[in-house]
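Residue numbering for the sequence shown follows numbering that gives the first Met the number 0, starting at 0 and increasing by one per position. For every residue, glycine included, the Cβ atom is placed at its ideal position computed from N, Cα and C. Predicted, not measured: the structure shown is a model, and the values here were computed from it.
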Amino acid sequence: MSLRPAVALLSALFSVALAFPSTAAAQSASLPGFNLQRLEMDPAGLGSLLVSTGRTLPAGMVRVAVQGHYEQLPFHFQTRWEPGGGSGLVENKFTMDVTAAIGVVDWLQVDAEVPFIVSQGGTAFMNVNAPEGQGLGSPWLGARAALVRPDFGLQVAVDLSAALPVGKKELLARDDYAVHPSLQLGFLAETWQLGAEVGVLLRKKQDLGSLSNETADVIGNELRLAGTVTSRAGELTRSEVSMLVGVPLQGGRLGAELMVAIRRHTTSWLDLFVMGGPGVGAGLDTPTFRFLAGASFATGRVD
């Protein structure tokens, strides 16, 4: 009797046995779920497009904005800041984003932000594939209450926003939970205004050190600091400069972004805007560059 069938069967079983550990190892190195998008727009657009100046929309006013959003290298491992080079699990990301805000009463507004990832791609790292594709990001819902709101001078508000855990997990588009309370301050003058935010982003800690072999590669709670200087002098065109800083509270690396924007008042109800700037720092979720362009529609002159 020929032994060839038995030898072939044993050879196949041996091959499967050898392949199984490597397959299991590849699966064990999958990415944990977290929300890679760290930028939140200011849905009211009072002052800065990104940073609140402690103001709320007047009662009954509605503002809706649509913007396209590009990020370069928003997810890459590095031990020091090296702008403009390297590869990452996410190298290019394009998102369409819709924001809306409504003034409920003069001192209270409610708002929302809904992102959709149009495309996302990168380079595999170790035995982990790049999270590529398209899908829904994490929507944010928020409310803001003005505590001090004179016509000019110091403005003070408190804000609370929370992410809905419905984004596409495979695209790193959601946290298990995320809550962002903040204190917002502003100083309003006739031709300029200042804004500042101090807040805390609370979310589940995710340790990526087993993938990068760096103990500082952690996603978790952050102290969020932001500031802006905005022009109010022009009737048609207004410029702004904003700084966003994330200070890790559970390990991780510092990340910051410097953003410059120009807003064009085309009509009393339509604004066009562009915004962009570099990321600074070695945070694994800090992009090397970010650019946005969009339009906002309001039931009255927002600012």
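Exposed or buried, residue i, counting other C-beta atoms within 10 Å across all chains shown (16 or more means buried)?
i, result
"Ala172", "buried"
"Gly44", "buried"
"Ala162", "buried"
"Asn34", "buried"
"Arg300", "exposed"
"Glu303", "Residue 303 cannot be examined here, being either before or after the span of the chain that is shown, 0 to 302."
"Phe151", "exposed"
"Val217", "buried"
"Gly46", "buried"
"Thr190", "exposed"
"Gln108", "buried"
"Ala188", "exposed"
"Glu169", "exposed"
"Thr22", "Its pLDDT being 39, under 50, Thr22 is placed unreliably by the model, and the measurement read from it follows with that caveat. It is exposed - the Cβ of Thr22 has fewer than 16 other Cβ atoms within 10 Å."
"Gly293", "buried"
"Ser181", "buried"
"Gly251", "buried"
"Gly245", "buried"
Residue i by DSSP, collapsed to three states: which one?
i, result
"Leu222", "strand"
"Leu49", "coil"
"Lys168", "helix"
"Gly85", "coil"
"Leu210", "helix"
"Gln71", "strand"
"Arg143", "strand"
"Met242", "strand"
"Val301", "coil"
"Leu38", "coil"
"Gly152", "strand"
"Ala43", "coil"
"Ala123", "coil"
"Gly134", "strand"
"Leu159", "strand"
"Phe93", "strand"
"Arg62", "strand"
"Gln249", "coil"
"Leu56", "coil"
"Asp105", "coil"
"Arg237", "strand"
"Thr229", "strand"
"Asp216", "coil"
Are the CB atoms of residue j and residue i within a distance shorter than 8 Å?
i, j, result
"Gly276", "Trp80", "no"
"Gly136", "Gln205", "no"
"Arg237", "Thr229", "yes"
"Arg202", "Gly219", "yes"
"Val199", "Gly53", "no"
"Pro42", "Leu207", "no"
"Glu90", "Gly132", "no"
"Ser86", "Thr55", "no"
"Ser267", "Val63", "no"
"Asn260", "Met242", "The sequence shown places Ala at residue 260, not Asn. No, Cβ-Cβ distance for Ala260 and Met242 is not below 8 Å."
"Phe115", "Thr94", "yes"
From residue i to residue j, what distance separates their C-alpha atoms?
i, j, result
"Leu257", "Val240", "7 Å"
"Val50", "Gly282", "21 Å"
"Leu210", "Phe124", "9 Å"
"Asn128", "Gly59", "48 Å"
"Gln71", "Thr287", "6 Å"
"Ser160", "Glu112", "10 Å"
"Leu140", "Gly254", "24 Å"
"Asp105", "Leu291", "30 Å"
"Leu306", "Gly102", "Outside the shown range of the chain, which is 0 to 302, sits residue 306, and nothing can be said about it."
"Asp174", "Pro164", "6 Å"
"Val61", "Met40", "16 Å"
"Asp96", "Pro149", "32 Å"
"His68", "Met274", "9 Å"
"Gln77", "Val178", "27 Å"
"Leu157", "Ala195", "Going by the sequence as given, residue 157 is Val instead of Leu. Cα-Cα distance, rounded: 12 Å."
"Ser29", "Lys167", "15 Å"
"Gln382", "Ala145", "The shown model of the chain, from 0 to 302, leaves out residue 382, and the question about it has no answer."
Shorter than 7 Å, the distance from the beta carbon of residue i to the closest heavy atom of the ligand NAD, or not?
i, result
"Gly44", "The ligand NAD is not among the ligands present in this structure, which contains no ligands whatsoever."
Subject >> beta strand (DSSP E) runs wholly inside the stretch 252-295, at least 3 long, in chain order >> reply: 254-264, 269-280
**OP:** Write down every uninterrupted run of the beta strand (DSSP E) in the stretch 172-208 whose length is 3 residues or greater and which is fully enclosed by it, in chain order.
**Re:** 177-187, 191-202
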